[in-house]
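Residue numbering for the sequence shown follows my numbering, beginning at 7 and increasing consecutively.
The C-beta atom is built at its ideal place from N, Cα and C for all residues, glycine as well.
Just so you know, these numbers come straight off a predicted model, no measurement behind them.
First up is the structure itself, then whatever we jot down about it.
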Amino acid sequence: MKGLKLAVAMIALATMTLTPKAEAKSLFQNQPTSTVTAQVPNSLTENSNDTEAYLKRGIELLESKDYQGAIDEFNKILEIEPKNIYAYLGRGAAKMYLEQYQAAKTDFDTALEITPDISLAYYFRGFTNYALKDKPAAIADLRKASTLFKQENKLDLAQKVDSAAKEIEAS
């Protein structure tokens, strides 16, 4: 599951270089992004009870911009594993794409209640807070994401998040 955890994190970050509103989108216009292909283990089965298979399908649907389909897959995971942080992150990301910002924030909040040191949850919640016009919360979340990215030795991501926080602060 650790390999899958990394794959989910990489996919989520690669697909989430969008920001929730037009104003937030401009924060990343001048920042290079790379496409990351997830290396999801081939051992996944298509068994409908397999949460890893649901996760894989949810990610694929997120990448193909079928956000409601992705939400449906992540919901299936949460029926089986109500504390699956990756399902909350994926579902929250899909809700961001659908501009369901309050619902997305709730998913990121829940993921952070389960595991309080998820850099991507702070990252996504920061932009969700910005879309919800809560600049102080957005800045605080992005700063926390940056700190966690630095602890994870993801310095390029930390730098991008720091830049975004500064732009929000200046706006």
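**OP:** Label Ala-99 either buried or exposed according to how many other C-beta atoms from any shown protein chain fall within 10 Å of its C-beta, with 16 as the threshold for buried.
**Re:** Burial call: buried.
Original post:
Considering Asn-159, what are the terminal residues of the alpha helix (DSSP H) in which it resides?
Top reply: Here Asn-159 belongs to no alpha helix (DSSP H), and DSSP marks it neither H nor E.
Original post:
Roughly how many angstroms separate the alpha carbons of Arg-149 and Tyr-60, rounded to a whole number?
Top reply: 32 angstroms
Subject >> Residue span of the alpha helix (DSSP H) that contains Lys-74, given as start and end >> reply: It is worth fixing the name first, because residue 74 is Gln in this sequence and not Lys. Its alpha helix (DSSP H) spans residues 73-86.
Original post:
Is it right to say Leu-123 is buried, meaning 16 or more other beta carbons lie within 10 angstroms of its own, or is it exposed?
Top reply: Checking the sequence, you will find Asp at residue 123 rather than Leu. It counts as exposed.
Subject >> 9 angstroms Cβ cutoff met for Leu-95 and Phe-130 >> reply: Closer than 9 angstroms, so yes.
**OP:** Measure the Cβ-Cβ separation of Ala-151 and Ile-174 and say whether it is below 9 angstroms.
**Re:** no
**OP:** Verify whether the separation of the beta carbon atoms of Leu-127 and Ala-117 is less than 9 angstroms.
**Re:** The amino acid at residue 127 is misidentified as Leu; the sequence shows Ala. Yes, the Cβ-Cβ distance between Ala-127 and Ala-117 is below 9 angstroms.
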